[in-house]
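K.L.:
One structure is given below, represented as structure tokens, and several questions about it will come after.
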Amino acid sequence: MTSSIRRIAVCTGGGDAPGLNAVIQSVMIAAGNRDWECYGIRDGFNGILFPERYAQGGVVRLTRDRVRGIGHLGGTILGTTNKGDPLHFPIKMPDGSTREVDRSDDILAYFATHQIDALVAIGGDGSLTIANALHQKGLRVVGVPKTIDNDLDKTFTTFGFDSAVAFATECLDRLHSTAESHQRVMVVEVMGRYAGWIALHSGIAGNAHAILIPEIGFDLEKVTAKIRSRDAEGRLYSLVVVAEGALPCDGHRELLAPAEAGHAERLGGIGERIGHALQERTGKDTRVVVLGHLLRGGSPTAFDRLSALRFGAAAVRALDEGQSGIMVALGYPGVDYVALEEVAGRMKGVPLDGDTLQTGRDLGICFGD
Ligand code: F6P
4 MTSSIRRIAV
14 CTGGGDAPGL
24 NAVIQSVMIA
34 AGNRDWECYG
44 IRDGFNGILF
54 PERYAQGGVV
64 RLTRDRVRGI
74 GHLGGTILGT
84 TNKGDPLHFP
94 IKMPDGSTRE
104 VDRSDDILAY
114 FATHQIDALV
124 AIGGDGSLTI
134 ANALHQKGLR
144 VVGVPKTIDN
154 DLDKTFTTFG
164 FDSAVAFATE
174 CLDRLHSTAE
184 SHQRVMVVEV
194 MGRYAGWIAL
204 HSGIAGNAHA
214 ILIPEIGFDL
224 EKVTAKIRSR
234 DAEGRLYSLV
244 VVAEGALPCD
254 GHRELLAPAE
264 AGHAERLGGI
274 GERIGHALQE
284 RTGKDTRVVV
294 LGHLLRGGSP
304 TAFDRLSALR
314 FGAAAVRALD
324 EGQSGIMVAL
334 GYPGVDYVAL
344 EEVAGRMKGV
354 PLDGDTLQTG
364 RDLGICFGD
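Quick note: the sequence shown uses this note's numbering, first residue 4, plus one each step.
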């Protein structure tokens with residue numbers, strides 16, 4: 004189908020993830036092969052909202068040369084942000100208070116003025132909620148599901164997730180030897196926001212002995228019993244993987260910082276808390292490793308690269324077919340189109356009846372319940 008499109012833009016929003024540059028590369032090349040011009044918006048939508056910040060321009064022309072050789076690079080050549088949602092943009096008032104304003108019309112005006120026909124929005128639930136609002140205001144938008152957390156609904160996985168799991172698994176492999184050598188308990192805190200996907204997949208793949216995820220409130224006594232039973236079998240060390248959003252069945256989440264205008268609450272600290280408690284309860288030497296932003300960096304795995312390239316090309320095809328208000332999703336066997344409104348603002352948690360969790364239980368892994 005030959006659409007009326009001649010010019011598109013692409014933006015990257017939310018936390019970065021391995022694979023973003025592969026999507027940008029794929030979008031640019033697929034657009035170029037249709038004689039479309041492709042532009043990149045800097046730092047989410049900030050390149051449009053704050054053009055004065057960018058000496059080289061807040062919206063830059065993407066050429067074949069500019070995207071050459073970036074597919075395996077972590078991060079995003081456009082930059083990103085997970086602060087300052089254009090629909091609820093925080094403005095500091097003279098009295099020091101903060102007011103939220105909707106600046107989506109500024110974005111629509113930019114597209115109209117510069118005759119950009121459509122947008123490929125690459126992001127997680129926050130970015131895709133913004134994308135859906137822009138679609139509802141008349142902009143042609145296709146979303147691409149990105150997050151290391153894998154907590155976006157209606158897609159088998161998001162790109163970035165496999166790379167985070169691969170790295171976390173490698174870290175667990177390394178920790179087995181040092182934990183065994185010192186007969187220690189090692190607690191490994193991983194990202195994932197309010198979902199336990201990274202903890203569950205890397206914990207099972209990395210042979211952890213306990214995995215604590217937000218979907219299952221944990222009882223530390225159960226973890227203590229698991230460690231003691233290993234000791235009794237002569238296995239004098241244990242690895243405990245904990246998702247940053249995990250919480251005890253009778254307690255609260257650990258936060259590094261509360262939510263503030265334009266930025267979500269910062270999760271973290273649960274690893275230290277349970278490491279200290281396990282040392283007290285078991286009397287065993289315990290150390291805590293927080294993988295944090297290491298999970299966001301590095302080169303995408305082959306799976307993530309291929310997913311990202313497929314997503315980018317599919318997003319351009321979808322626009323060429325006249326689609327808008329959809330997200331390209333990893334289905335079986337191909338890439339599906341899912342309505343953005345079915346995804347926006349929703350979270351996909353680990354299913355408690357899923358076979359992966361059941362596999363962990365069958366392998367004797369403790370989940371704190
Ligand atoms: O959503 C991706 C993610 O890495 C979460 O897993 C994590 O809680 C959050 O971003 C960290 O955000 P920031 O980079 O602002 O610290």
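Idealized CB from N, CA, C, for every residue including glycine.
#1: Quick one: using the 10 Å Cβ neighbour count with 16 as the cut-off for buried, is H138 buried or exposed?
#2: Find the nearest neighbour of R56 within the set R64, G82 and G367, judged by alpha-carbon distance.
#3: Less than 7 Å between the C-beta atoms of D19 and R299, yes or no?
#4: Taking F92 as the reference, which of N49, E268 and V70 has the closest Cα?
#5: Per DSSP, what kind of secondary structure is Y197 in: helix, strand or coil?
#6: Near A264, which residues of its chain fall below 6 Å by C-beta distance, leaving aside the five closest residues on each side in sequence?
#7: For F314, does the three-state DSSP call read helix, strand or coil?
#8: Are the segment 262-282 and the segment 174-186 in contact at 8 Å, needing three or more beta carbon pairs?
#9: Check A58 in the structure and name its three-state DSSP category.
#10: With a threshold of 6 Å, establish whether the CB of R177 neighbours any heavy atom of the ligand F6P.
#11: Does A211 come within less than 7 Å of chain C when only Cβ atoms are used?
#12: Can you tell me the Cα-Cα spacing of L250 and D156, whole angstroms?
#13: Which word fits P303, buried or exposed, when buried means at least 16 other C-beta atoms lie within 10 angstroms of its C-beta?
#14: Tell me the DSSP secondary structure of E283 in three-state form.
#15: For C369, which option in F114, I219, M31 and A262 has the closest C-alpha, if you only look at C-alpha atoms?
#16: Can you find the residues in the same chain that come closer than 6 Å, C-beta to C-beta, to R284, ignoring five residues on each side of it along the sequence?
#17: Taking I329 as part of the beta strand (DSSP E), name the residues at either end of that continuous run.
#18: Compare the C-alpha of A12 against each of A115, E103, D98 and N85 and name the closest.
#19: In its own chain, which residues sit with a C-beta less than 7 Å from the C-beta of I51, not counting the 5 before and 5 after it?
#20: Please determine whether the Cβ atom of G195 lies at a distance below 6 Å from any heavy atom of the ligand F6P.
#21: Once the 5 residues before and after L294 are set aside, which same chain residues still bring their CB inside 8 Å of it?
#22: Should the segment 310-319 be regarded as contacting the segment 139-149, the criterion being three or more beta carbon pairs within less than 8 Å?
#23: Quick one, are the C-beta atoms of G199 and P21 less than 7 Å apart?
#24: Quick check: is any heavy atom of the ligand F6P less than 6 Å from the C-beta of G18?
#25: On the DSSP bridge list, what partners appear for G146?
#26: Around the C-beta of D372, are 16 or more other C-beta atoms found within 10 angstroms, so that it is buried, or is it exposed?
#27: How big is the Cα-Cα spacing for A134 and L322?
#28: Which of the three DSSP states is assigned to D68 in this structure?
#29: Could you tell me the distance, in whole angstroms, from the CA atom of V168 to the CA atom of M96?
#30: Would you give the residue range spanned by the alpha helix (DSSP H) that G35 belongs to?
#31: Compute every distance between the C-beta of N49 and the non-hydrogen atoms of the ligand F6P, then say whether any falls below 6 Å.
#32: Could you tell me the alpha carbon to alpha carbon distance between S166 and P54, rounded to whole angstroms?
P.N.:
Taking the definition as stated:
#1: buried
#2: G82
#3: yes
#4: N49
#5: coil
#6: P93 and T101
#7: helix
#8: no
#9: coil
#10: no
#11: No chain C is part of this structure, which consists of one protein chain only.
#12: 22 Å
#13: buried
#14: helix
#15: I219
#16: T227
#17: I329 to L333
#18: A115
#19: I44, G61, V62, D109, I110 and Y113
#20: yes
#21: F170, A171, C174, V191, E192, V193 and M194
#22: yes
#23: no
#24: yes
#25: A124 and M330
#26: exposed
#27: 14 Å
#28: helix
#29: 43 Å
#30: L23 to G35
#31: no
#32: 33 Å
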